[in-house]
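Heads up: the sequence shown begins at 2 in the numbering used here, then just goes up one per residue.
Using N, Cα and C, we set each Cβ at its ideal position, and we do this for glycine too.
Just so you know, these numbers come straight off a predicted model, no measurement behind them.
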Amino acid sequence: MIVTAGPWTARLVPGLSRMLTVANFALAWFMPADISAFLPARLPGFMRDFGDMHAFGAPSIDGFSVKVSPHLPTVANPARRPMTLPREQLRWLGTQAQRIFPGLDPEPVRWSVHPDSQSPDSRPIIDTIGEGRISIAAGMSGNGFKFAPVWGQALADLALTGASPWQDAEFTLAHHADPVG
Ligand SMILES: Cc1cc2nc3c(=O)[nH]c(=O)nc-3n(C[C@H](O)[C@H](O)[C@H](O)COP(=O)(O)OP(=O)(O)OC[C@H]3O[C@@H](n4cnc5c(N)ncnc54)[C@H](O)[C@@H]3O)c2cc1C
């Protein structure tokens with residue numbers, strides 16, 4: 002069996018609940034005073050860190066707004082994950098977006114909220130339990146898309162042969178149980 006239930010993994014395999022939380026990613030779009038600096042010819046996709054605030058974004062595709070998405074705090078239980086953003090959080094997103102691009106209007110013109118499973122050190126869990134009969138990939142921590150080909154290969158190898166050259170030591174359950182050991 003292969004378990005890849007993303008943010009819901011710890012509900013299917015409760016033993017993982019002490020290793021995984023749920024990150025709530027908000028996507029937010031803001032209107033700049035001057036859109037020309039935010040078009041694809043001028044602005045690449047980007048990531049920025051300010052102290053403990055991490056944000057990612059992309060150039061304007063619609064020609065009037067730009068995506069700037071500061072990370073929200075993690076939530077403990079996916080069932081209690083907020084599906085909407087209160088005004089206070091929308092204002093926080095706008096304030097953070099303005100730290101990166103002072104020319105933005107801090108009022109988001111569009112936004113949405115999406116979950117991912119999160120491990121404490123952002124390394125995924127790609128390992129087996131049940132004497133090798135159950136393979137698990139979880140804790141993608143906002144990185145599962147770009148690494149999908151190689152992490153998927155690691156998972157397939159584990160399911161078929163019990164081992165994989167792509168399973169880094171940091172992806173094992175032993176690492177997540179004792180990250181410094
Ligand atoms: C807004 C946002 C932006 C992102 N941007 C990037 C990026 O730019 N680059 C990058 O590398 N990564 C990015 N990521 C992270 C990436 O999308 C995730 O890490 C990746 O999708 C996680 O894959 P997954 O298979 O673990 O979980 P998911 O993609 O969440 O898939 C889990 C699936 O399991 C299903 N499921 C749950 N429970 C059950 C069940 N009981 N039975 C059957 N099915 C079940 C769910 O419906 C879901 O389809 C982003 C994530 C978000 C939310």
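With fewer than 16 neighbouring CB atoms inside 10 Å of its own CB, Met2 falls in the exposed class. The Cβ atoms of Met48 and Phe57 lie closer than 7 angstroms to each other.
Counting every other CB atom within 10 Å of its CB across the protein chains shown gives Ser37 a total below 16, marking it as exposed. Trp152 is the residue among Trp152, Pro107 and Arg92 whose C-alpha sits nearest the C-alpha of Asp128. Beta-bridge pairing by DSSP links Gln119 to Thr22. Shown here, Ile36 sits in a helix according to DSSP, grouped into three states. Between ligand 1 and the CB of Asp117, the shortest heavy atom gap is smaller than 6 angstroms.
Apart from the 5 residues on each side of it in sequence, Thr173 sits with its Cβ closer than 6 angstroms to the Cβ of Asp128 in its chain, given in chain order. Straight through space, the alpha carbons of Pro71 and Ser61 are spaced by roughly 17 angstroms.
Scanning Met84, Met32 and Thr75 for the CA closest to the CA of Asp63 turns up Met32. Straight through space, the alpha carbons of Pro107 and Thr96 are spaced by roughly 6 angstroms.
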